[in-house]
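Numbering (the numbering used here), first residue to last: -8 to 78. Ideal Cβ positions, reconstructed from N, Cα and C, are used throughout, including at glycine. To keep things clear, I will list the structure first and then write my remarks on it.
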């Protein structure tokens, strides 16, 4: 039997900023990047729309998401695990 090899999927860790949609969450990944010329650290934020099948994420939760096939126009990530619940 031939073994099917899947590519490595990208993973991101971020904070849930919105869970108002049904089975969808918005995850913000915040990075501190050093400016190439001035050396100052700049905060960069990237937002991802991820699929949350069970609707159990809340705003402020730290989550891990993984790349997947396109599920809608903007959604091509899915929830892997909730790392830390919001306090």
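Which residue or residues does DSSP assign as beta-bridge partners of residue i?
i: residue 28; result: Paired residues: none, contrary to the question.
i: residue 57; result: 2, 69
i: residue 36; result: 21
i: residue -5; result: Bridge partners of residue -5: none, in fact.
i: residue 9; result: 17
i: residue 75; result: 53
Which residues in the same chain as residue i place their Cβ atom closer than 7 Å to its Cβ, once the five residues preceding and following it in sequence are excluded?
i: residue 35; result: 22, 24
i: residue 55; result: 2, 4, 71, 72, 74
Could you tell me the alpha carbon to alpha carbon distance between residue i and residue j, rounded to whole angstroms?
i: residue 77; j: residue 38; result: 18 Å
i: residue 69; j: residue 27; result: 33 Å
i: residue 3; j: residue 43; result: 15 Å
i: residue 13; j: residue 29; result: 43 Å
i: residue 63; j: residue 51; result: 24 Å
i: residue 33; j: residue 10; result: 27 Å
i: residue 31; j: residue 65; result: 32 Å
Excluding the 5 residues preceding and the 5 following residue i in the sequence, name in chain order all residues of the same chain whose CB lies nearer than 6 Å to its CB.
i: residue 53; result: 6, 74, 75
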